[in-house]
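Colleague:
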Amino acid sequence: MLPRMKRVALLVPEDANIAPLENARHGFLAANAYLAQTGAQPCFALQLVAATPSVRLDGGRVQLQADATLESVGPVDLCLVPPPLQEDGSLLLSPGNRRLIDWVGAHYRAGGEVASLCMGAAVLAAAGVLDGRRAVVHWAVQQAYAQRFPQVQWACDGVVHYENGIYTSGGAFSAAHLVLHLIEKYAGRDTAIWCAKYFQLDWSRRSQQPFAIFSGHKAHADDVVRAVQEYIEAHYAERLTIETLAERFILGRRTLERRFRHATGNSIVEYLQRIRVEAAKRYLESSRKSVAEVMYEVGYNDTKAFRDTFARYCGMTPLSYRERYL
0 MLPRMKRVAL LVPEDANIAP LENARHGFLA ANAYLAQTGA QPCFALQLVA ATPSVRLDGG
60 RVQLQADATL ESVGPVDLCL VPPPLQEDGS LLLSPGNRRL IDWVGAHYRA GGEVASLCMG
120 AAVLAAAGVL DGRRAVVHWA VQQAYAQRFP QVQWACDGVV HYENGIYTSG GAFSAAHLVL
180 HLIEKYAGRD TAIWCAKYFQ LDWSRRSQQP FAIFSGHKAH ADDVVRAVQE YIEAHYAERL
240 TIETLAERFI LGRRTLERRF RHATGNSIVE YLQRIRVEAA KRYLESSRKS VAEVMYEVGY
300 NDTKAFRDTF ARYCGMTPLS YRERYL
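In numbering that gives the first Met the number 0, the protein residues as written are 0 to 325.
1. For the structure I just gave you, are there three or more beta carbon pairs, one from the region 280-293 and one from the region 233-245, closer than 8 Å?
2. At the level of alpha carbons, what is the spacing between Ala-44 and Gly-88?
3. Compute the beta-carbon to beta-carbon distance between Leu-69 and Ala-50, rounded to the nearest angstrom, for a pair I have assumed lies under 8 Å.
4. Looking at Gln-64: is its Cβ nearer than 7 Å to the Cβ of Ser-53?
5. For chain C, is any of its Cβ atoms less than 7 Å away from the one on Phe-259?
6. Which value, in whole angstroms, describes the spacing of the CA atoms of Ala-291 and Gly-264?
7. Nearest to Leu-330 by CA position, among Pro-12, Ala-105, Ala-233, Gly-187, is which residue?
8. Can you tell me which of Ala-145, His-137, Tyr-185, Gln-85 puts its alpha carbon nearest to the alpha carbon of Thr-167?
9. Can you name the start and end residues of the beta strand (DSSP E) that Ala-8 belongs to?
10. If you drop the 5 nearest sequence neighbours on each side, which residues of the same chain put their C-beta closer than 7 Å to that of Pro-19?
11. If you scan the region 250-274 from start to end, which runs of the alpha helix (DSSP H) of 4 or more residues do you find wholly inside it?
12. What did DSSP end up calling Cys-351 once you bin it into helix, strand or coil?
13. So, does the region 271-278 touch the region 211-223, judging by three or more C-beta pairs under 8 Å?
14. Since Thr-68 sits in a beta bridge, which residues does DSSP pair it with?
15. How far does the alpha helix (DSSP H) with Leu-326 in it reach, from first residue to last?
16. For Thr-37, does the three-state DSSP call read helix, strand or coil?
17. When DSSP builds the beta bridges, which residues end up paired with Val-113?
Here it is in structure tokens:
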């Protein structure tokens, strides 16, 4: 037996990216339509909710009329937050969005559920509901969010993460998988599978790793560490060790390791491995070199070590990656 109607507030902050929110709305509406076709009652009652009756988005190009304001919305079971249009944190600053953030925090503390599409997790973090918790976000902003919200355990390995009434999701179109997850939970697996087929979504995908692009974090104040990063990126195919890097940059090994991890969030070994994997991915995508040739080109001479390292950061073998992008 399916649960009662789920009251869903689709929140509309100022500077929101409306496209993922519309995708989510159509996903829930499709689930309702499928349930009606099978003789069941609709499962989702949807409202677009904002701090003001209307919201101007995309630099004024779009004006959205809300179904309800934060004050008039009434009881809500689940609120869903879209990503911002800009990634610079400006969404968190406007008075209207501060009211919306406070409302999200109060909603969760009162026992309601909260969900974020991609970078909409910034709103949940600003509301304090992610403090001390693991949250999934787009791989491209993981490090920036870790700097901005250090109290949150940010991850970019999975597509959807659920914990104690909080749903977070990976980036861009992957946020559709969060909507599928919610449809499965509240409307049943059959409905979710039908929606996956209807929207042509890969039901089995659980990881962002095959799509992630590693670009080392350089927006820090340590000029020496930045120089080490640039050296690694230019000489990754050579035999690099922490000792030789420490000697080259006139630092003690422990000092270099400590400063490097503090500035970048990665150990030196991990940074080198990830740079080599990114180079290998480019070769596999664009050249006719064999996997063994690519291995040597990026600085490995041990097949197992290369395969294991590639799979750790990419979620698949080098051969599988090549087949994906042929």
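Even glycine gets a Cβ: it sits at the ideal position worked out from N, Cα and C.
Modeller: On the basis of the coordinates in this document:
1. The region 280-293, when compared against the region 233-245, does not touch it at the 8 Å Cβ threshold.
2. Separation of Ala-44 and Gly-88 (C-alpha to C-alpha, rounded to the nearest whole angstrom) is 31 Å.
3. The C-beta separation of Leu-69 from Ala-50 comes to about 6 Å, placing the pair in contact by the 8 Å criterion.
4. Taking 7 Å as the Cβ cut-off, Gln-64 and Ser-53 qualify as a contacting pair.
5. Given the protein chain composition of this structure (a single chain), no chain C is represented.
6. Roughly 30 Å separates the two Cα atoms.
7. Since the first and last residues shown for the chain are 0 and 325, residue 330 lies out of range.
8. Out of Ala-145, His-137, Tyr-185, Gln-85, His-137 has the C-alpha closest to the C-alpha of Thr-167.
9. Start and end: 5-10.
10. Here the set comprises Pro-81, Pro-82, Leu-116, Cys-117, Ala-174.
11. Segments of the alpha helix (DSSP H) lying fully in the region 250-274: 252-263.
12. The structure shown does not extend to residue 351, since the chain is modelled only from 0 through 325, so no value can be given for it.
13. Contact between the region 271-278 and the region 211-223 is present, because at least three Cβ pairs lie under 8 Å.
14. For Thr-68, which the question treats as bridged, DSSP gives the partners Ala-49.
15. Here the chain comprises residues numbered 0 to 325, so residue 326 is not present and cannot be evaluated.
16. In this structure, DSSP gives Thr-37 a state outside helix and strand, which the three-state scheme calls coil.
17. Note: Val-113 sits in a beta bridge opposite Cys-78, Ile-165.
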